[in-house]
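All letters in the sequence shown, in the order written, are residues 0 to 694 by numbering that gives the first Met the number 0. Just so it is clear, CB atoms sit at the ideal spot from N, CA and C, and this is done for glycine as well. All values reported here derive from a predicted model rather than from experimental measurement. To keep things clear, I will list the structure first and then write my remarks on it.
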Amino acid sequence: MALFLTEADLLKNKDSSAIITYTDGLTGAIHARTQTFITSPNCLSIPRPPFGSTRDLYRRADARYGEDDPLQWPQPFNSSSVYLPCLPVRPTASDHSYYEHDCLWHTLDSQDLSFTPDGYATKEGVIRQDLADRLSKSVEYVRARHSSIRTAQPQDDWALSLLNEFNATITICLHRLTSVSSSFRSHAQGLVELQRACLYSHALIDYVEIFRPRMSAQHASKQSRTERRMGAFVWNDDHALSLFSAGLPVYYVRLFSDFDRQNILDYCELEMPSCVITTASPPYPIIYSGQAGADQKFAAIRQASISCYNVESPFQNMHLPGQYTSSYTIGSRRRITSVAESPASTSALSRSGPIRSESSQASTSGAPYQKDKQKRRGKRQAKNPPKVQRDIFADLPSDHDIVPPPILTWRDANKTIDTWHPDCRYTSGQRPKVKTIVPDPAVIIGPESRERQNLYLSGWTRLREPWLQRCRDLHTQQKPLTVALWRRILGLNSSSQWKGGAPQNPNEEELKQATELVQSSFARYAPNSTPFPSSPPPIPSLPHAKELMRELTLINFRYQLLHVDEIVDTSRPQVSPTLTRAELSVALTNHRRSRIMLVEDMFDGCSDSFTLTSLTSNFGFAADNWSSRVGPLRSFWRLMCSWPGAKADIWDRGEDPNLPQMSGAGEEWERALVRFYVQTHFNVVGYLPVLPRRI
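Structural data, given as structure tokens:
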């Protein structure tokens, strides 16, 4: 039991004729700083362990995590991620089982992207077809193995749940890499996470089918051959024996004081990391700080993989309390199960209708222009006819030439809202101001003057592209704006913008805020364009105006739908005694992605909340024919199944496999979904939702 070791000390028990056990070493190394020695009973070299009580986990220049990445370097053994030592290393020989899938270790190069002429200008493209074909071939192989293990291991909930997670990542990343123009940095992350999902799948399946049975056998003698896998650093006999019995590389780390009778045949220097360790420019954020083998570290990697293309929830800073308690928990078999009935929402009686748009102040003490008999004698005041107020529960006026047609089954859905519903969370005096992420079409239609309508419409046409880019930017985290602020923004021009100085009243403060939002949007996202041109912007043609109005309804609807789901979803994983913090963190990230994917399915698979699949055709839940709409509507239904509240008797009609052939019954079911949605939105948000429209 030494207090200090040298090379000679390690080799003093050398016996080449003896059988090497899991505690011995074909080779051994010393790490003087930590006063540890490392042995491997089945490898001839030893990588440097990722020592340190606090290590920062962040992506390097190649979008991987350097020596903290399980894909690139052996990690400390983690019982919650027991399949990671089974990760295949990059094949070097043609007889390697993964030799044909070398693309799973490929590092993206700028030459790997192809661009359209517009994409070349913005440096946004997709991966080249040859790389896409190789990746697709590897994905087909992975999915074939997924299907095989689902058949062979139907009761292994833990493995099947992980495979579902990996398969979702594969689907999203492959689609984005091959179909959605993005920056090199974005695609570099996407490729790494596609590779991770594929390699994690192979490791997990190999663990279940090959290595777990070997580990159960617990043979103290060496396997006939050591597999070309990643292996792991271990520090106790149990883990060392398990990996050794399975034929996986073992790197056994022990203190100097633990050295006694170990038979070590050779000495080696620790192998330095061969992976990229240089930082990216600009650097990626640190996503975890802590020990290299902690549950939280491996959970952070999985969370980043799950959220590769969709990192932040757009509603996390909206400061609206969830006001619900989940009736679901994660059981010991890592399965989300219901344990109670959905709780009733906290409620407050609503005594008046919602406010869709902010009305101007009106006097209640008489006519707005009272005749002063002393000062205005002889002058006749013209009486303005009273303005006809639009029914805020009604749809946009169908007789207006720039208003796109409604979805027939959604027509006047807001008129079905019960303002006295027991689950309403706001009374008339408590309701918040209407806010939307892009202008509500009612803002543009609202003014009686056609000139003002054209001003707002042309203002949005000018602002549209930089504003949508601003909303897509996760660093900006743009919040919805009030109706009054949108009116200010859309009505701005070179003469009406804020000229500087300190605002003296709320109106000036609002003008200043509107001007700064427009200026900052153009400065960052359209630097070569003028935010306030001196000449009036062109008025969009009638077809283009309809396309813009329909786009506004769909973007607002999608944003509000996700917002409401964030508040009322009762299926969100909750803290459970059988669940570690790391497992809960991964479960929440997985759950959030599953909700976002349901909404993506409603929009024909489009993953960008601020981009439509088509500006000129109907798609998804708004498609022209019922058979095309029923699939996206089922995603809408599945999303709301976990929302609390009374549902129609025909709610479960969504399970009927014959629904695509039953357009009449299907449209009745669709109307029930829409009514439930608009009522729930009003109950929890306090004002009417923007309803989607067709083109």
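Taking a C-beta distance under 8 Å as the contact criterion, LEU134 and VAL125 do not qualify as a contact pair. Each residue's CA atom was taken as its position, placing TYR97 and PHE232 some 24 Å apart. Runs of the alpha helix (DSSP H) lying entirely within the segment 436–463, each at least 4 residues long, are 440–444 in chain order. For the pair GLN512 and THR481, the Cα-to-Cα distance works out to about 12 Å.
Linking PHE392 to LYS414 through their CA atoms gives a straight-line distance of about 5 Å. Residue pairing by DSSP places PRO405 opposite ARG692 in a beta bridge. Between the alpha carbons of TRP466 and PHE243 lies a gap of roughly 58 Å.
Contact check between the segment 680–694 and the segment 549–563: three or more CB pairs, one atom from each, fall below 8 Å, which counts as touching. CYS172 is positioned such that its CB atom lies closer than 8 Å to that of CYS307. For LEU56, there is no enclosing alpha helix (DSSP H); the residue is part of the beta strand (DSSP E) that begins and ends at 54–56. Less than 8 Å separates the beta-carbon of ASP23 from that of ASN262.
Apart from sequence neighbours up to five positions away, the residues of its chain that approach THR435 with a beta-carbon distance below 6 Å are PRO479 and ASN555, ordered along the chain. Under the DSSP definition of a beta bridge, GLU270 partners with PRO46. Ranked by Cα distance from VAL673, the first of SER627, ASP655 and PHE620 is PHE620. A contact between stretches requires three or more CB pairs, one per stretch, nearer than 8 Å, and the segment 623–642 fails this requirement with the segment 193–201. DSSP links PRO75 through a beta bridge to PHE232. In the three-state reduction of the DSSP assignment, ALA622 falls in the coil class. Inter-residue distance for ALA28 and LEU43 is about 11 Å (C-alpha atoms, whole angstroms). A direct Cα-Cα distance of roughly 17 Å separates SER570 from PRO576. Two segments are said to touch when three or more pairs of C-beta atoms, one from each, lie closer than 8 Å; by this definition the segment 247–266 does not touch the segment 532–549. A residue is called buried once 16 or more other Cβ atoms fall within 10 Å of its Cβ, and LYS11, having fewer, is exposed. Within a 10 Å sphere around the beta-carbon of MET601 sit 16 or more other beta-carbons, which makes this residue buried. Along the segment 575–658, the alpha helix (DSSP H) occurs as fully enclosed runs of 4 or more residues at 580–601 and 625–640, listed in sequence order.
Around the CB of MET271, fewer than 16 other CB atoms lie within 10 Å, so the residue is classed as exposed. Taken in chain order, the complete alpha helix (DSSP H) segments of 4 residues or longer contained in the segment 125–167 are 128–151.
In the displayed model, ILE305 falls within a helix according to three-state DSSP. For TYR64, the closest alpha carbon among the candidates ASP651, ALA544, GLY458 and THR277 is that of THR277. Burial of ALA671 is indicated by the presence of at least 16 other C-beta atoms within 10 angstroms of its C-beta.
With respect to GLY663, TRP636 sits apart: the two C-beta atoms are not nearer than 8 Å. With 16 or more other Cβ atoms inside 10 Å of its own Cβ, LEU9 counts as buried. For ARG253, there is no enclosing alpha helix (DSSP H); the residue is part of the beta strand (DSSP E) that begins and ends at 249–254. In this structure, the alpha-carbon of ASP398 lies about 42 Å from that of GLY499. Per DSSP, the unbroken beta strand (DSSP E) holding ALA28 starts and ends at 26–30. In this structure, the beta-carbon distance from TRP485 to VAL517 does not fall below 8 Å.
Burial state of PRO281 is exposed, judged by a 10 Å Cβ sphere holding fewer than 16 other Cβ atoms.
With contacts defined by Cβ atoms closer than 8 Å, ARG47 and ASP67 do not form a contacting pair.
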